[in-house]
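Colleague:
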Amino acid sequence: MRLNGMIAAGVLMEQGRAASHAWLPDGAWAMLPWETSPDELRARINQSYLMVLRDLQPR
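Residue numbers are given in this note's numbering: position 37 of the sequence shown equals residue 39, and the series is strictly consecutive.
#1: Pick from Q59, D57, L58, L34: whose alpha carbon is nearest that of I47?
#2: According to DSSP, M1 sits in a beta bridge with which residue or residues?
#3: Based on the DSSP secondary-structure assignment, which residues constitute the bridge partners of R61?
#4: Assuming M3 contacts W36 (C-beta within less than 8 Å), just tell me the rounded distance between them.
#5: Work out the CA separation of R61 and V13 for me, nearest whole Å.
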């Protein structure tokens, strides 16, 4: 899951709400646990999708 910055990823990891991604340990990528609520998952997946999509747009 892509998050909106390394600080946001770090905060979620410190709270135990996310873990570092094994293949993408640097940056704002994290894995959310299976126990994450459906509402939070939906919101974070949507946010992640929009960030990745924005980065793929030609400039």
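All residues carry an ideal CB built from backbone N, CA and C; glycine is no exception.
Modeller: On the basis of the coordinates in this document:
#1: L34
#2: A query on residue 1 cannot be resolved here, the shown segment of the chain reaching from 3 to 61 and no further.
#3: Beta-bridge pairing links R61 to no other residue.
#4: The pair is not a contact, with the Cβ atoms about 13 Å apart (cut-off 8 Å).
#5: 31 Å
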